[in-house]
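A.B. asks:
Protein chains in written order, with my numbering: chain A, 3 to 409; chain B, 150 to 428.
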């Protein structure tokens, strides 16, 4: 039976005042944190309405982050695919090498504005940790980054970067020792250090207002893409594609285009060893709605509501959930969810490096893997934008080890 | 609606002493041992029994209770077994209140209405769900009250006078005052501050106020009991259990006794307390 979904007038009005996107989102946190979250919501609302805040942020985005990031025509990849014209949104060229910095800049400026003196963050691949450590260095704030012990091991260069930037990296040994456990531990820190601490969440997840706030800070990606595509091609793109772990790079690209309904939008989850293997991180394809880390969303779990461990070669996608707004956009049918396996991502990683001279992070390599499937099916005039959300230097060890195992 | 919780606190008030509220994890380290512990608790001096519903991601819990949850899940505990544990307990004890405590996802996945019906039938009296603040009352709190279960809310040092009424609204059974900002089992609370906080909460409610997080010893329990209506002990009990396990994490002959001995000592502390405030 096909369920007809009532389409809203606009996909861009959420969340409601209680932080809900349809049934998703919300504020599922311990009472200790509730007053902090309400204070954050209020402070963010005020900052958002303050032109001075926006102006300062724009200035740092230009001179410190290096925005706008280029929209680049990937000519050889386009020729290889023989269909759509493929553009890369070059978020990997940002300071710190990923899109993460867009959000962190906003949150750290907000933390300063709120008089907070201590910053904590969770990180998976380490890119959010590096961005947070970077801005804490710039603004002179102490920074503690929680990182799963397994991720500390597989993302050593980023651990070193964070330490050089003056951050303290705390390896998390509980649970599955990856991103979800780092988030648990950061929440435990926050609940303990409520007076002075600001929790800088790295993705469009967590309790309201985080999913909306992080989205707003990342929307610079999509806004620039609109302008740049207009300037280059004289029109908007026909399709957008991005990888999704929590989904902040994807939401940043997608959100400004959600109401142009002719534009196809694809989110790519990590299928790890394959969806049927049980070892993957595709919460939409393999999960169902549940409640974790402050919000209701699609989660990987067993029949008893116990959260499953996610598996992906990419530490940044190795999370058993997804941002609540993505969950809603999935149910609404506005975003099409696909998934790419470890094998497909590594193949795309290699191909992109060789054809374009750009070594992508393993995270956007998942999006590139699906570009390789979708682009050939499209006519030559079709304009496809992929979010190249991070650079691959951090992944060289992981890829080398992977290729060794395969040979 | 009067639950076993309401009756127990009323009786103790009449006796002029505070309640000892114990927390142990259902299924830790296995179903049978945790049932044996639950059955032995009232005799050892527990007035109210909190049973943890294990969850993979206990965001408000410290290392001791995290580890207890891991042991329980490893031992095959799930929601069905937790409810059946309560049913078994009730066969021999119809007076001691039982509160299930945990996180929302396992309840949500079990199905809210189905869970409430099963819990009520099994003999559960109240619920504490850590990640459901008043802002999410429609999820479980309101349906639980409708089903005749107490919904016990946590109040914390960050819950100021402005927010307290919202937290107390829809709270029933008792108010659980979390004496520190932090996770379970962390630093011991300052008794003077705790007493002041309890008095502050009592200005807003007629409900009994029990105090928890960080209570470890009999003398500490006694001090807290002097300024409150109940003392909650969890991490210390779960830790006492852990020290008796063999190298494979299995229960041994001393497991149940280690818990009941500590409960007996805490109960003596609570009973030795003089009520500071005559009511």
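Ideal placement from N, C-alpha and C gives every residue a C-beta, glycine not left out. Please read all numbers here as calculations on a predicted model, not as lab measurements.
#1: With burial defined as no fewer than 16 other Cβ atoms inside 10 Å of the residue's Cβ, what is the status of residue 163 of chain B: buried or exposed?
#2: Where are the alpha helix (DSSP H) runs, 4 residues long or more, that stay fully inside the stretch 132-218 of chain A, in chain order?
#3: For residue 380 of chain A, count the other beta carbons within 10 Å of its own beta carbon; 16 or more makes it buried, fewer makes it exposed. Which is it?
#4: If you draw a straight line from the alpha carbon of residue 428 of chain B to that of residue 190 of chain A, how long is it in whole angstroms?
#5: Output needed for residue 198 of chain A: all residues of its chain with C-beta closer than 7 Å, excluding positions within five of it in sequence on either side, in chain order.
#6: Does any C-beta atom of chain A lie closer than 7 Å to the C-beta of residue 456 of chain B?
#7: Which runs of the beta strand (DSSP E) at least 3 residues long sit entirely within the stretch 351-398 of chain B? Give them in chain order.
#8: Residue 291 of chain A lies in the beta strand (DSSP E); which residues open and close that run?
#9: Please list, in chain order, the chain A residues whose beta carbon lies closer than 9 Å to that of residue 300 of chain B.
#10: DSSP state of residue 426 of chain B, grouped into three classes?
#11: Which same chain residues, not among the five before or five after residue 72 of chain A, have their C-beta less than 6 Å away from its C-beta?
#12: Taking DSSP as the reference, what is the three-state secondary structure of residue 87 of chain A?
#13: In chain order, which beta strand (DSSP E) runs of at least 3 residues are fully inside the stretch 259-314 of chain A?
#14: Does DSSP put residue 167 of chain B in a helix, in a strand, or in coil?
#15: Taking 8 Å as the threshold, find out whether the stretch 32-43 of chain A comes into contact with the stretch 298-317 of chain B through three or more Cβ pairs.
#16: Can you tell me where the alpha helix (DSSP H) with residue 312 of chain B in it begins and where it stops?
#17: Fully enclosed by the stretch 251-284 of chain B, which beta strand (DSSP E) runs are 3 residues long or longer?
#18: Looking at C-alpha atoms only, which residue of B:165, B:250, B:383, B:352 is the closest neighbour of residue 317 of chain B?
#19: Am I right that residue 208 of chain A and residue 297 of chain A are in contact with their C-beta atoms under 8 Å? What's the rounded C-beta distance?
#20: Hey, how far is the Cα of residue 398 of chain A from the Cα of residue 377 of chain B?
#21: In chain B, which residues lie less than 8 Å from residue 37 of chain A when you measure between Cβ atoms?
#22: Quick one: using the 10 Å Cβ neighbour count with 16 as the cut-off for buried, is residue 386 of chain A buried or exposed?
#23: Which partner residues of residue 245 of chain A appear in the DSSP bridge assignment?
#24: Just tell me which of B:399, B:165, B:197, B:416 has its CA closest to the CA of residue 179 of chain B.
#25: Tell whether a beta-carbon distance below 7 Å holds between residue 423 of chain A and residue 269 of chain A.
#26: For residue 162 of chain A, is the classification buried or exposed, using 16 other Cβ atoms within 10 angstroms of its Cβ as the cut-off for buried?
#27: With DSSP collapsed to three states, give me the class of residue 45 of chain A.
#28: Excluding sequence positions up to five away, which residues of its chain have a Cβ less than 6 Å from the Cβ of residue 117 of chain B?
#29: Of all Cβ atoms in chain B, is any one closer than 7 Å to the Cβ of residue 413 of chain A?
#30: Assign residue 299 of chain B to one of three DSSP states: helix, strand, or coil.
#31: How would you call residue 81 of chain A, buried or exposed, if buried means at least 16 neighbouring beta carbons within 10 angstroms?
#32: Would you decide whether residue 372 of chain A is buried or exposed? Buried here means 16 or more other CB atoms lie within 10 Å of its CB.
#33: For residue 206 of chain A and chain B, any beta-carbon pair shorter than 7 Å?
#34: Thinking just about the alpha-carbon of each residue, which of B:247, B:413, B:183, B:174 is nearest to the one in residue 155 of chain B?
#35: Buried or exposed for residue 69 of chain A, going by 16 or more other Cβ atoms inside 10 Å?
#36: Are the beta-carbon atoms belonging to residue 299 of chain A and residue 318 of chain A less than 7 Å from one another?
C.D. replies: So, to answer that:
#1: exposed
#2: 151-156, 158-166, 181-194
#3: buried
#4: In this prediction, residue 428 of chain B has a pLDDT of 45, which is less than 50 and means its spatial position is unreliable; what the coordinates show is noted afterwards. Their Cα atoms are separated by approximately 37 Å.
#5: 118, 119, 120
#6: Because chain B spans 150 through 428 in this model, residue 456 of chain B falls outside it and cannot be assessed.
#7: 358-361, 379-382
#8: 290-294
#9: Correct list: empty, because the minimum Cβ distance to chain A is about 13 Å.
#10: Confidence in residue 426 of chain B is poor, its pLDDT being 48 and thus under 50, which makes the residue's placement too unreliable to answer from.
#11: 92
#12: strand
#13: 266-274, 290-294, 296-301
#14: coil
#15: yes
#16: Premise fails: residue 312 of chain B is in no alpha helix (DSSP H) and is neither H nor E.
#17: 275-278
#18: B:352
#19: 6 Å
#20: 59 Å
#21: 307, 308, 309, 312
#22: buried
#23: A:270
#24: B:399
#25: Outside the modelled stretch of chain A, which goes from 3 to 409, sits residue 423 of chain A, for which no answer is possible.
#26: exposed
#27: helix
#28: Past the edges of chain B, shown from 150 to 428, lies residue 117 of chain B, and the structure says nothing about it.
#29: Coverage of chain A is limited to positions 3 through 409, which leaves residue 413 of chain A absent and any answer about it impossible.
#30: strand
#31: exposed
#32: buried
#33: no
#34: B:247
#35: buried
#36: no
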